[in-house]
Ligand code: GDG
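In the working numbering, the protein residues as written are 6 to 464.
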């Protein structure tokens with residue numbers, strides 16, 4: 006097979022501790038296929054553009070740093086203050102500035118100039134996520150003839166929402182420069198195709214191929230996943246660990262509900278906290294009998310909407326514990342420090358309820374991890390937002406509308422009372438889907454399309 010080149014905004018360098026975030030988790034599982042991984046190293050320097058290369062286990066990692074100005078315009082500005090809210094249906098939070106758009110495009114150009122020197126003629130180039138939409142077109146204009154594919158890890162939005170983005174057609178044209186464009190769900194793909202049809206007027210075949218003059222653009226659905234068996238083994242190992250024992254002892258035979266999220270407004274944490282408050286108010290039989298552990302690692306703190314979420318959650322956690330807690334029971338345990346992946350696996354395993362209630366999410370891998378970690382003989386129940394991509398695949402979860410704290414509270418109540426037979430049946434079906442949607446099958450589906458092996462979708 007040709008060399009696979011991954012391009013992503015952040016490159017997890019070997020030996021660095023793993024950050025909370027879905028992309029790194031998915032790609033760690035498919036590294037066997039990768040020859041070169043290129044992207045930002047997460048640092049800024051006075052002028053930016055410094056590159057570094059290390060090779061580890063046969064993979065070359067090439068990284069670049071950014072100037073402070075580029076970081077502000079490209080990363081904080083356009084990518085995370087305009088595109089992220091837009092593509093999570095939060096037009097009201099979008100902050101668009103022309104100088105950020107220029108910064109975004111100039112950083113993409115800097116990345117393309119840098120990668121160009123490292124590319125070989127027959128490489129397959131796989132570009133990841135919303136930070137790098139113009140990247141493929143820029144390589145094309147530099148004369149690169151390799152197949153180049155793009156994968157969007159987050160949702161796409163309907164045309165009426167997308168049209169709120171000034172100069173949005175530029176991005177649609179950029180996406181039409183790729184050979185393959187991949188999405189997490191059929192809904193995201195359909196919204197993209199409909200937006201392209203309405204905005205650019207291209208014809209689209211029944212198989213979702215955009216008829217761009219000169220070169221068709223294949224669109225595919227390739228859901229991300231995890232190695233469910235490996236995560237299950239990790240959870241079994243962690244079940245006997247010191248941390249699990251400490252957590253179990255501290256529960257005093259109470260049930261545990263768990264949430265694990267980056268601290269991001271798309272994850273719906275205020276509504277989830279409010280739902281817990283309502284659970285304890287409306288269903289007082291759970292008072293003293295359940296604890297809720299929320300792990301929420303801060304992320305993107307230079308973006309104002311992220312920084313302002315933190316005090317909101319701190320206040321809500323204080324209110325809930327002040328209102329419902331007793332001298333020997335803290336209902337909500339709220340941590341903003343990260344926990345190791347193994348420890349998380351063990352915590353999932355002993356949790357009776359897994360809470361995954363984002364307002365919108367591309368997929369949400371925590372849903373997969375919670376299911377994979379369970380003990381099949383006595384499994385917990387997944388409460389899942391209908392607006393997470395995972396809901397398209399995990400119909401045996403308790404599906405909720407995350408905009409209604411009462412509905413989430415009712416699902417928490419149902420999950421805590423669910424009989425063992427129903428828990429087993431739901432878990433069995435969910436775990437089958439976790440095992441079907443693996444990181445490897447995700448990679449395989451995308452790479453087959455990118456390398457042209459998947460000809461059936463081309464017409
Ligand atoms: C994007 C899309 C899509 C979280 N806290 C800790 C920790 N994590 C890990 C989780 C999980 C990952 O981070 C988060 O994955 P998600 O899928 O929830 O989300 P995003 O970061 O928003 O990622 C998302 C994903 O890309 C992949 O395509 O699913 O929709 O938004 O693995 O377990 N890991 C550790 N400590 C923590 O405290 N070790």
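Backbone N, C-alpha and C fix where the C-beta goes; we use that ideal spot for every residue, glycine too.
{"Item": "With a CB to CB cut of under 6 Å and the five nearest residues on each side skipped, what residues in its chain are close to residue 466?", "Value": "This structure does not reach residue 466, given that the chain is present from 6 up to 464, and the question cannot be answered."}
{"Item": "Would you kindly report the start and end of the unbroken alpha helix (DSSP H) that includes residue 455?", "Value": "444 to 455"}
{"Item": "When the Cα atoms are used, what is the spatial distance from residue 391 to residue 425?", "Value": "24 Å"}
{"Item": "Please state if the CB of residue 403 and the CB of residue 420 are separated by a distance shorter than 8 Å.", "Value": "yes"}
{"Item": "With the cut-off set at 8 Å, would you say residue 127 and residue 7 are in Cβ contact?", "Value": "yes"}
{"Item": "Suppose you measure from the CA of residue 325 to the CA of residue 132; what does that come to, to the nearest Å?", "Value": "43 Å"}
{"Item": "Which runs of the alpha helix (DSSP H) fall wholly inside the region 97 to 165 and span at least 4 residues, in chain order?", "Value": "103 to 121, 140 to 146"}
{"Item": "Return the bridge partner residues of residue 15 from the DSSP annotation.", "Value": "45"}
{"Item": "I want to see whether chain B comes within less than 8 Å of residue 289, judged by CB atoms only; does it?", "Value": "Protein chain content of the structure displayed is limited to a single chain, and chain B is not contained in it."}
{"Item": "Any heavy atom of the ligand GDG inside 7 Å of the beta-carbon of residue 46?", "Value": "no"}
{"Item": "Return helix, strand or coil for residue 364, following the three-state DSSP convention.", "Value": "coil"}
{"Item": "Less than 8 Å separating the beta-carbons of residue 78 and residue 105?", "Value": "yes"}
{"Item": "Could you tell me whether the region 194 to 213 touches the region 162 to 181, where touching means 3 or more Cβ pairs closer than 8 Å?", "Value": "yes"}
{"Item": "Comparing the CB of residue 305 with every heavy atom of the ligand GDG, is any distance shorter than 7 Å?", "Value": "no"}
{"Item": "Can residue 349 be considered in contact with the ligand GDG, in the sense that its beta carbon sits closer than 7 Å to one or more heavy atoms?", "Value": "yes"}
{"Item": "Can the beta-carbon of residue 469 be found closer than 8 Å to that of residue 367?", "Value": "Missing from the structure shown is residue 469; the chain here goes from 6 to 464 and no further."}
{"Item": "Does DSSP classify residue 200 as helix, strand or coil?", "Value": "helix"}
{"Item": "Within 10 Å of its beta-carbon, does residue 332 have 16 or more other beta-carbons around it, so buried, or fewer, so exposed?", "Value": "exposed"}
{"Item": "For residue 459, which residues in the same chain have their Cβ closer than 6 Å to its Cβ, ignoring the five residues on either side in sequence?", "Value": "453"}
{"Item": "Would you check if the distance between the CB atom of residue 89 and the CB atom of residue 156 is smaller than 8 Å?", "Value": "no"}
{"Item": "Give a yes or no on contact between the region 371 to 385 and the region 225 to 238, applying the rule of three or more CB pairs nearer than 8 Å.", "Value": "yes"}
{"Item": "Specify the secondary structure class of residue 188 as computed by DSSP and reduced to three states.", "Value": "strand"}
{"Item": "State buried or exposed for residue 299, treating a residue as buried only when at least 16 other CB atoms are found within 10 Å of its CB.", "Value": "buried"}
{"Item": "Quick one: grab the DSSP three-state call for residue 464.", "Value": "Confidence at residue 464 is low in this model, with a pLDDT of 43, below 50, so its placement is unreliable and the value that follows should be read with caution. In this structure, residue 464 counts as coil in the three-state DSSP scheme."}
{"Item": "CB of residue 159 to nearest heavy atom of the ligand GDG: below 7 Å?", "Value": "yes"}
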